[in-house]
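Protein chains in written order, with the working numbering: chain A, 71 to 148; chain B, 232 to 450. Where is the CB? At the ideal position from N, CA and C, for every residue including glycine. Notes for the one structure printed next.
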């Protein structure tokens, strides 16, 4: 069995894990740890949920004023 | 962007969008501007210091896109091409501003992203493990339904992140850009993008945890 991965270390590795930028050895250690740690499994699920919620956010658009100016400029293009 | 605009843009596809922009079709322009300006504003804010300037960058970019549409060769997605133009316009504005460009996309933050008090101390037999009673707990099946209130809370939390974390989380998780593209548009490394993403996501998760635990506590 691989060396124990402390939970405190897992939470700092979670982004590399999700972005898939871990080497295979470390990835295996992380997955071994997740299999036996409810807290870290919950943490991972929560980060995933956070990302999902972020995907539904409507980010700020141009102000109505800026859009009006832009549309006027568009109409003025030759 | 709202789902219907997104669908409309996706349904048209790049070839048709380019054709209509070449024809100076105003309806298409009026569809694309609200669809892509939010992500463009994020790119601009990575280089210039004020929202007003970022809006000017986006306006200037759109006009450059329309005027220069014949320069799009289809080697990338149209949105990618537009975002690169936006980054170029933003860089020029950022350089000409009297300030040096916004602090520290090159200086990743440091320190733990989860309250260290939630982990057992080094002298504990289970050093680094979650303290009993302070481990994350499943938020329950209701949490998977993203309500308006949850979205509102996360949007609020996103606005309260340090600027560089907010821009990276927005570009990656709100707008769906790959880390490599985020790094290119913000003139930084993928490694640095991941650090900012990591810190931003951790802070957002904490805000949602506070919300869900408050909800559970009220039942």
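Examine chain A for any beta-carbon lying closer than 9 Å to the beta-carbon of residue 419 of chain B, and answer yes or no. For this step, residue 419 of chain B is matched to residue 188 along the second chain. Contact of residue 419 of chain B with chain A is not assigned, every C-beta pair being separated by 9 Å or more.
Quick one: grab the DSSP three-state call for residue 361 of chain B. Taking the first residue of the second chain as position 1, residue 361 of chain B is located at position 130. Here residue 361 of chain B sits in strand by DSSP.
What is the C-beta distance between residue 398 of chain B and residue 314 of chain B, in whole angstroms, given that I count them as a contact (C-beta under 8 Å)? As a working note, residue 398 of chain B is residue 167 in the second chain. As a working note, residue 314 of chain B is residue 83 in the second chain. Contact between residue 398 of chain B and residue 314 of chain B fails: their C-beta atoms lie close to 13 Å from each other, not under 8 Å.
Tell me the rounded alpha-carbon separation between residue 237 of chain B and residue 267 of chain B. One-based indexing of the second chain puts residue 237 of chain B at position 6. One-based indexing of the second chain puts residue 267 of chain B at position 36. Computed Cα separation, rounded: 9 Å.
How big is the Cα-Cα spacing for residue 375 of chain B and residue 116 of chain A? Residue numbering aside, residue 375 of chain B sits at position 144 when the second chain is read from its first letter. Residue numbering aside, residue 116 of chain A sits at position 46 when the first chain is read from its first letter. Between residue 375 of chain B and residue 116 of chain A, the C-alpha separation is close to 10 Å.
Which residues in the same chain as residue 318 of chain B place their Cβ atom closer than 6 Å to its Cβ, once the five residues preceding and following it in sequence are excluded? Translated into positions along the second chain, residue 318 of chain B becomes position 87. Contacts found: 274 and 416.
How many Å lie between residue 332 of chain B and residue 403 of chain B at the Cα? In the second chain, counting from the first residue as 1, residue 332 of chain B sits at position 101. In the second chain, counting from the first residue as 1, residue 403 of chain B sits at position 172. Here residue 332 of chain B scores only 49 on pLDDT, less than 50, and its place in the model should not be relied on; the value that follows carries that caveat. If you take the alpha carbons of residue 332 of chain B and residue 403 of chain B, they lie about 21 Å apart.
Taking only beta-carbon positions, decide if residue 71 of chain A is within less than 9 Å of chain B. In the first chain, the residue the question calls residue 71 of chain A occupies position 1. For residue 71 of chain A, the predicted structure reports a pLDDT of 44, less than 50, and the residue's modelled location is therefore unreliable. A value from the coordinates is still provided. No Cβ of chain B is located within less than 9 Å of the beta carbon of residue 71 of chain A.
Taking Cβ to Cβ, would you say residue 305 of chain B is nearer than 9 Å to residue 245 of chain B? Your numbering for residue 305 of chain B matches position 74 in the second chain. Your numbering for residue 245 of chain B matches position 14 in the second chain. Yes, they are a contact pair.
Take residue 90 of chain A as the anchor and find which of B/421, B/358 and B/439 has the nearest alpha-carbon. If you number the first chain from 1, residue 90 of chain A lands on position 20. Checking every option, the nearest Cα to that of residue 90 of chain A belongs to B/421.
Could you pull the start and end residues of the alpha helix (DSSP H) that residue 271 of chain B belongs to? In the second chain, counting from the first residue as 1, residue 271 of chain B sits at position 40. Per DSSP, residue 271 of chain B belongs to the alpha helix (DSSP H) from 257-276.
Just verifying my parser: in three-state terms, what is the DSSP assignment at residue 303 of chain B? Residue numbering aside, residue 303 of chain B sits at position 72 when the second chain is read from its first letter. Under the three-state reduction of DSSP, residue 303 of chain B is assigned to coil, being neither helix nor strand.
C-beta neighbour in chain B for residue 105 of chain A, strict 9 Å: Position 35 of the first chain, counted from the start, is the residue given in the question as residue 105 of chain A. Using a Cβ-Cβ cut-off of 9 Å, residue 105 of chain A does not count as an interface residue toward chain B, since no Cβ of chain B sits closer than that to its own.
Pick out whichever of B/299, B/345 and B/252 has its Cα sitting closest to the Cα of residue 438 of chain B. In the second chain, counting from the first residue as 1, residue 438 of chain B sits at position 207. When the alpha-carbon of residue 438 of chain B is set against those of B/299, B/345 and B/252, the nearest one is in B/345.
Using the C-alpha atoms, what's the distance from residue 247 of chain B back to residue 241 of chain B? To locate residue 241 of chain B, count along the second chain from 1; it is residue 10. To locate residue 247 of chain B, count along the second chain from 1; it is residue 16. It is roughly 10 Å from the alpha-carbon of residue 241 of chain B to the alpha-carbon of residue 247 of chain B.
Cβ of residue 297 of chain B within 9 Å of Cβ of residue 147 of chain A? As a position in the second chain, residue 297 of chain B is number 66, starting the count at 1. As a position in the first chain, residue 147 of chain A is number 77, starting the count at 1. Less than 9 Å divides the Cβ of residue 297 of chain B from the Cβ of residue 147 of chain A.
Report back the beta-carbon spacing between residue 367 of chain B and residue 109 of chain A to the nearest angstrom; my notes put them in contact at under 8 Å. Here residue 367 of chain B refers to the residue found at position 136 of the second chain. Here residue 109 of chain A refers to the residue found at position 39 of the first chain. Contact between residue 367 of chain B and residue 109 of chain A is confirmed by a C-beta separation of about 6 Å, below the 8 Å threshold.
Strictly below 9 Å CB to CB, what residues from chain A border residue 257 of chain B? As a working mapping, residue 257 of chain B is identified with position 26 in the second chain. Within 9 Å Cβ-Cβ: 141, 144 and 145.
Span separating the alpha-carbon of residue 307 of chain B from that of residue 389 of chain B: By 1-based counting over the second chain, the position of residue 307 of chain B is 76. By 1-based counting over the second chain, the position of residue 389 of chain B is 158. Taking C-alpha positions only, residue 307 of chain B is separated from residue 389 of chain B by approximately 29 Å.
Spatially closest choice to residue 78 of chain A from A/121, A/137, A/130 and A/104, by CA coordinates: Within the first chain, numbered from 1, the residue matching residue 78 of chain A stands at position 8. Nearest Cα to residue 78 of chain A within the set A/121, A/137, A/130 and A/104: A/104.
Beta carbon of residue 136 of chain A nearer than 9 Å to that of residue 401 of chain B: As a position in the first chain, residue 136 of chain A is number 66, starting the count at 1. As a position in the second chain, residue 401 of chain B is number 170, starting the count at 1. No.
With 9 Å as the threshold, decide whether the Cβ of residue 132 of chain A is near any Cβ in chain B. As a first step, residue 132 of chain A is located in the first chain; it is residue number 62 there, counting from the start. Put simply, the CB of residue 132 of chain A is near chain B, with a gap under 9 Å to one of its CB atoms.
Do the CB positions of residue 385 of chain B and residue 127 of chain A come within less than 9 Å of each other? Stepping through the second chain from its first residue, residue 385 of chain B is reached at position 154. Stepping through the first chain from its first residue, residue 127 of chain A is reached at position 57. In contact: residue 385 of chain B and residue 127 of chain A (Cβ atoms closer than 9 Å).
Counting contacts by CB-CB distance shorter than 9 Å, is residue 89 of chain A in contact with chain B? As a working note, residue 89 of chain A is residue 19 in the first chain. With 9 Å as the cut-off, residue 89 of chain A counts as an interface residue toward chain B.
Verify the CB distance criterion: does residue 86 of chain A have a CB-CB separation below 9 Å to chain B? Along the first chain, read from residue 1 onward, the residue named residue 86 of chain A stands at position 16. Residue 86 of chain A counts as touching chain B.
Whose Cβ in chain A lies nearer than 9 Å to the Cβ of residue 425 of chain B? Your numbering for residue 425 of chain B matches position 194 in the second chain. Close partners of residue 425 of chain B in chain A (Cβ separation under 9 Å): 85, 86, 89 and 91.
Look at the alpha carbon of residue 258 of chain B and the alpha carbon of residue 243 of chain B, and state the distance between them as a whole number of angstroms. Stepping through the second chain from its first residue, residue 258 of chain B is reached at position 27. Stepping through the second chain from its first residue, residue 243 of chain B is reached at position 12. Cα atoms of residue 258 of chain B and residue 243 of chain B: separation of roughly 12 Å, rounded to the nearest angstrom.
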